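Enquirer: Just dropping this structure here.
2 protein chains.
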Amino acid sequence: MGTLSDSIERYLKGRLSRAVEGVIEIRRSEVAEQFDCVPSQINYVLETRFTPQRGYYVESRRGGGGYIRIMRIYLRQKQSMWESVCEEIGESIDAARADSLVARLEEMGVLNARRALLVRGALRHETAGISPPWDGVIRAKLLKSMLSLVFHEGG
Amino acid sequence: MGTLSDSIERYLKGRLSRAVEGVIEIRRSEVAEQFDCVPSQINYVLETRFTPQRGYYVESRRGGGGYIRIMRIYLRQKQSMWESVCEEIGESIDAARADSLVARLEEMGVLNARRALLVRGALRHETAGISPPWDGVIRAKLLKSMLSLVFHEGG
DNA sequence: CCACGAAAGGTCAAATAAGGTCAAGAAACC
DNA sequence: GGTTTCTTGACCTTATTTGACCTTTCGTGG
Numbered sequence: 206m207g208t209l210s211d212s213i214e215r216y217l218k219g220r221l222s223r224a225v226e227g228v229i230e231i232r233r234s235e236v237a238e239q240f241d242c243v244p245s246q247i248n249y250v251l252e253t254r255f256t257p258q259r260g261y262y263v264e265s266r267r268g269g270g271g272y273i274r275i276m277r278i279y280l281r282q283k284q285s286m287w288e289s290v291c292e293e294i295g296e297s298i299d300a301a302r303a304d305s306l307v308a309r310l311e312e313m314g315v316l317n318a319r320r321a322l323l324v325r326g327a328l329r330h331e332t333a334g335i336s337p338p339w340d341g342v343i344r345a346k347l348l349k350s351m352l353s354l355v356f357h358e359g360g
Numbered sequence: 206m207g208t209l210s211d212s213i214e215r216y217l218k219g220r221l222s223r224a225v226e227g228v229i230e231i232r233r234s235e236v237a238e239q240f241d242c243v244p245s246q247i248n249y250v251l252e253t254r255f256t257p258q259r260g261y262y263v264e265s266r267r268g269g270g271g272y273i274r275i276m277r278i279y280l281r282q283k284q285s286m287w288e289s290v291c292e293e294i295g296e297s298i299d300a301a302r303a304d305s306l307v308a309r310l311e312e313m314g315v316l317n318a319r320r321a322l323l324v325r326g327a328l329r330h331e332t333a334g335i336s337p338p339w340d341g342v343i344r345a346k347l348l349k350s351m352l353s354l355v356f357h358e359g360g
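Residue numbers (this note's numbering), protein chains in the order written: chain G, 206 to 360; chain D, 206 to 360.
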């Protein structure tokens, strides 16, 4: 199912979710061997899927006894989360950053799969054919409006 | 029998109706091959027949392991209301018409008081300082995006 | 000390594998 | 006959995989 990168991503997230403290330490070469791929493939997965934008922090050390440490970053409570989300969106946001934000909110359980899809769909549909820099401005407005419904619903 | 596009549409809807969760993932090139046409034909079918207005959401990924994912949103009796609301909003809508639409949806129970307030707030806030005719266009996009979340929620 | 080699991980670019866009021409429909 | 919808193809953008080459760290023998 999916690409090699997807499998590695799933594997790492699986280990992370089972890890206390939300931190794991891996050997790049070991993971590469497990998935029968070149070591730099692991870097690729880390760079594309474990970014700060998506709520991960990665650090590493080279040399003998080297390692890669992956950390899950937990966010604050709902009230301040809405504020920080607004701040992150700002007056304009590009498609990639918007996507990462939606992915992160989905992983955090703020958006279920269905809503995440609707949000992504609306962002794409409503900004189609609009050229920079206005697409970013409109995307920001749409995102803030839709998420305001989600964050402020219920109690 | 209709056109090639009709056949492709029927084929995709057939697969969708048999899919659990109402989601399918296709390979554009594979479907194109099945119907012996160019790949971009698939895009045409998706753009013209699988729109949010009609209750479908499409997303895709390029590159290795790329795919096109199509989701059916079930609306039951609300489907026609959603369509007519979309039509009423159109590509642009002025503040007064937007307000009365929101009021009407609130009276009908589609929007509760809290949400109606959020929608009005977002419309006002996000179009403030934007001069005609763009305020109307943005208002329309905001309204459709927010209402899509409301209309398409639940099962 | 210090140099050096082994043991990590890092970088970058090429090759490959998708899907997207757009406009021109053809067909179907008033 | 004109308008709308469909079909095709040339060209574009993005994502993944692989490999050659680079840098950092640690331990050890001189």
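The beta carbon of each residue, even a glycine, is placed where N, CA and C say it ideally should be. Just so we're clear, the structure is a prediction, and the values are computed from it rather than from any experiment.
Just to confirm, are Leu323 (chain G) and Ala303 (chain G) a CB contact at a threshold of 8 Å?
Expert: Counting from 1 along the first sequence, the entry for residue 323 (chain G) is found at position 118. Counting from 1 along the first sequence, the entry for residue 303 (chain G) is found at position 98. Going by C-beta atoms, Leu323 (chain G) is not nearer than 8 Å to Ala303 (chain G).
Enquirer: Of the residues G:Met313, G:Ile213, G:Trp287, which one's Cα is nearest the Cα of Leu354 (chain G)?
Expert: Against the first sequence, residue 354 (chain G) aligns to sequence position 149. Measuring from the Cα of Leu354 (chain G), the nearest candidate turns out to be G:Trp287.
Enquirer: Do we get a CB-CB distance below 8 Å when we pair Lys283 (chain D) with the residues of chain G?
Expert: Translated into positions along the second sequence, residue 283 (chain D) becomes position 78. By this cut-off, Lys283 (chain D) is not an interface position.
Enquirer: Looking at the structure shown, is Val250 (chain D) part of a helix, part of a strand, or coil, going by DSSP?
Expert: In the second sequence, counting from the first residue as 1, residue 250 (chain D) sits at position 45. Helix, per DSSP.
Enquirer: Please name the residue or residues paired with Ser350 (chain G) in a DSSP beta bridge.
Expert: Position 145 of the first sequence, counting from 1, holds the residue named residue 350 (chain G). Paired residue(s): none; Ser350 (chain G) is not in a bridge.
Enquirer: Provide the residue span of the beta strand (DSSP E) that contains Ile275 (chain G), from first to last.
Expert: What you label residue 275 (chain G) is simply residue 70 of the first sequence in a count that begins at 1. Here the beta strand (DSSP E) through Ile275 (chain G) covers 272–277.
Enquirer: Against Lys218 (chain D), what residues of chain G qualify as contacts under a CB-to-CB distance less than 8 Å, listed in chain order?
Expert: One-based indexing of the second sequence puts residue 218 (chain D) at position 13. Per Cβ cutoff of 8 Å: no residues; Lys218 (chain D) is ~18 Å from chain G at best.
Enquirer: Taking just the CA atoms, how far does Leu306 (chain G) sit from His330 (chain D)?
Expert: For the purposes of this step, residue 330 (chain D) is identified with residue 125 of the second sequence, where counting begins at 1. For the purposes of this step, residue 306 (chain G) is identified with residue 101 of the first sequence, where counting begins at 1. Approximately 22 Å, taken between the alpha carbons.
Enquirer: Can you pull out the residues from the segment 220–244 of chain G whose beta carbon lies closer than 9 Å to at least one beta carbon of chain D?
Expert: For the segment 220–244 of chain G, which is checked against every Cβ of chain D, not one residue is closer than 9 Å.
Enquirer: Taking only three categories from DSSP, how would you classify Ile298 (chain G)?
Expert: Numbered from 1 along the first sequence, position 93 holds the residue referred to as residue 298 (chain G). Three-state DSSP puts Ile298 (chain G) in coil, outside helix and strand.
Enquirer: Report the neighbours of Leu323 (chain G) on chain D: residues whose CB is nearer than 7 Å to its CB, in chain order.
Expert: Taking the first residue of the first sequence as 1, we reach residue 323 (chain G) at position 118. The answer, in chain order, is Tyr262, Ser353, Leu354, His357.
Enquirer: In three-state DSSP terms, what is Ile229 (chain G)?
Expert: As a position in the first sequence, residue 229 (chain G) is number 24, starting the count at 1. Three-state DSSP puts Ile229 (chain G) in a strand.
Enquirer: Given this structure, state the Cα-to-Cα distance separating Gln282 (chain G) from Tyr261 (chain G), to the nearest angstrom.
Expert: On the first sequence, residue 282 (chain G) is found 77 positions in, with the first residue counted as 1. On the first sequence, residue 261 (chain G) is found 56 positions in, with the first residue counted as 1. Answer to the nearest angstrom: the Cα atoms are 18 Å apart.
Enquirer: Quick one: does Ala327 (chain G) have its CB under 8 Å from some CB of chain D?
Expert: For the purposes of this step, residue 327 (chain G) is taken as residue 122 along the first sequence, with counting starting at 1. Closer than 8 Å to some Cβ of chain D, the Cβ of Ala327 (chain G) qualifies, so yes.
Enquirer: Can you name the residues that DSSP bridges to Tyr262 (chain D)?
Expert: Translated into the one-based positions of the second sequence, residue 262 (chain D) becomes position 57. In the DSSP output, where bridge partners are listed per residue, Tyr262 (chain D) has D:Met276.
Enquirer: Just the chain D side, please: which residues come within less than 7 Å of Ser350 (chain G) by C-beta, in chain order?
Expert: In the first sequence, residue 350 (chain G) corresponds to position 145, counting from 1. Within chain D, the residues near Ser350 (chain G) are Ala327, Glu331, Leu347, Ser350, Met351.
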